[in-house]
Amino acid sequence: MALTLGSGSGFEAQPLISLATGRWCKLICGASLQDLPLIRNLALVYTLAGVDCIDVAADPAVVAAAAAGREVALGLGAPQKPWLMVSLNDGEDPHFRKAAFDPQHCPVDCLRPCERICPTQAIGRPGVDVPRCYGCGRCLGVCPWGLIGAQTYVHTPAAIVDLLANSPVDALELHTQVGHADAFSQVWQQLQPWAAGRQALAISCPGGEGLQAYLTSIYAQVRASGLPLIWQTDGRPMSGDVGRGTTTAAIRLGATVLGYNLPGYVQLAGGTNAETVPRLRSLGFLADSPQPRPRRIAGVAYGSYARKLVQPYLESAGRHLETNPTQLKEAVEVARELISPLKGTGINNRT
Ligand code: SF4
Ligand code: SF4
């Protein structure tokens, strides 16, 4: 299937086609990331690269920043208009937390391992730069004095309803986990009216004992929405940039959930990186695998790995990457290298 649709008929439907053909690719900006210039430029680069969806925090300013980046990309000839998806949670979840510590308690001779390990440079002398922290947790265990803690949060339904009423949100993602049945039901009851008219509903869940029964119960609740369902299998959360091997957990959980035969699409996340698609292909999980299996993975979401790839171009670019066309072009090429093994060679190259 060609992926070079222009702005005419079918342009808006391209993400659905990608899901149906096993070529769905999502950028995860981070359910807690609120660094607006970074999010805008990430959306710009990955829209030009050809992703189907951009997943962002449920924050009006974040959604606006992603929408702005997407608009600039469309004006520059992006191959399609990716959906904007917002992520919500039904309880305590590592994706919905921020690191915190009081820098006044730090010994002056500390070698500051917390700064070195943070993938977003969110830690400095004043402490944690909250918008930049996406809750990966890597700093939590490295402080020799145990000063760093995590503050978790849950979005209130009222705030979400306001966001859904007033922002260009194309799709919703609910993060849940085994054991959250009651909390999920409460959140879903409040959000269900606002889910109507969206393009898709994603359910993000890590592994756990009783997962099949749990996801089956989730399906029983959400199927009445009639929305295309995406099962996001969160193999090893927020770890794709740690090493190539993290994709093993992502593929293992995706294969497990695929075996449940739930209606909808199964999409990998949590540990995905450049290793993921070649491994999926060799294991028969993609439509173009040499020996494809009867049930196949619909797509892959890239988070920390996708961000790390383009970070060097974005850090020095200022707020509007498009004002530096050479840097933008290089960033898009790097992003396309990640995406094209899944999307095929049909991605438009007009930047
Ligand atoms: S290491 Fe992770 S959790 Fe800690 S401040 Fe950086 S982004 Fe936040
Ligand atoms: S490692 Fe701990 S003591 Fe050292 S700078 Fe970081 S938070 Fe402060």
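If you want the working numbering, it's the 1-based position in the sequence shown plus 1059.
The beta carbon of each residue, even a glycine, is placed where N, CA and C say it ideally should be.
Here the structure is a predicted model, which means the values were calculated and not measured.
Per DSSP, the continuous beta strand (DSSP E) segment holding K1085 begins and ends at 1083–1087. Distance from the CA of V1246 to the CA of L1222, rounded to the nearest whole angstrom, comes to 15 Å. Residue pairing of I1182 in beta bridges, as defined by DSSP: V1187.
Taking every protein chain shown into account, the CB of W1083 has 16 or more other CB atoms within 10 angstroms, so this residue is buried. Below 8 Å, enough C-beta pairs join the region 1122–1134 and the region 1099–1111 to call them touching: three or more.
Contact annotation: R1295 and G1330 have beta-carbon atoms nearer than 8 Å. If you draw a straight line from the Cα of V1131 to the Cα of L1107, it comes to about 9 Å. Bridge pairing for Q1163: absent [DSSP]. Short of 7 Å from the beta carbon of D1118, and not among the five residues preceding or following it, lie these beta carbons of its own chain, in chain order: Q1093. Between S1146 and the set K1140, P1185, C1088, Y1105, the nearest pair of CA atoms involves C1088. With distances taken between CA atoms, P1141 lies nearest to Q1073 out of P1371, A1090, Q1073. One alpha carbon belongs to A1283, the other to G1205, and they sit about 47 Å apart. With respect to the C-alpha of C1192, the residue from L1170, P1172, V1220, F1155 having the closest C-alpha is F1155. Per DSSP, the continuous alpha helix (DSSP H) segment holding N1225 begins and ends at 1216–1225. The alpha-carbon of V1369 is positioned some 14 Å away from that of H1379. Taking a 10 Å sphere around the C-beta of H1164, we find fewer than 16 other C-beta atoms and assign the residue as exposed.
Ligand 1 approaches G1196 closely enough that one of its heavy atoms is under 7 Å from the residue's Cβ. Looking at the backbone, the Cα of E1396 and that of L1086 are separated by about 14 Å.
By the neighbour-count criterion, in which 16 or more other beta carbons inside 10 Å mark a residue as buried, K1157 falls on the buried side. Within 7 Å of the C-beta of F1160 there is at least one heavy atom belonging to ligand 2. For N1100, the secondary structure class from DSSP, reduced to helix, strand or coil, is helix. Out of G1285, A1333, Y1278, the CA that lies nearest to the CA of V1316 is found in Y1278. Judged by DSSP secondary structure, D1293 falls within the beta strand (DSSP E) whose first and last residues are 1288–1293.
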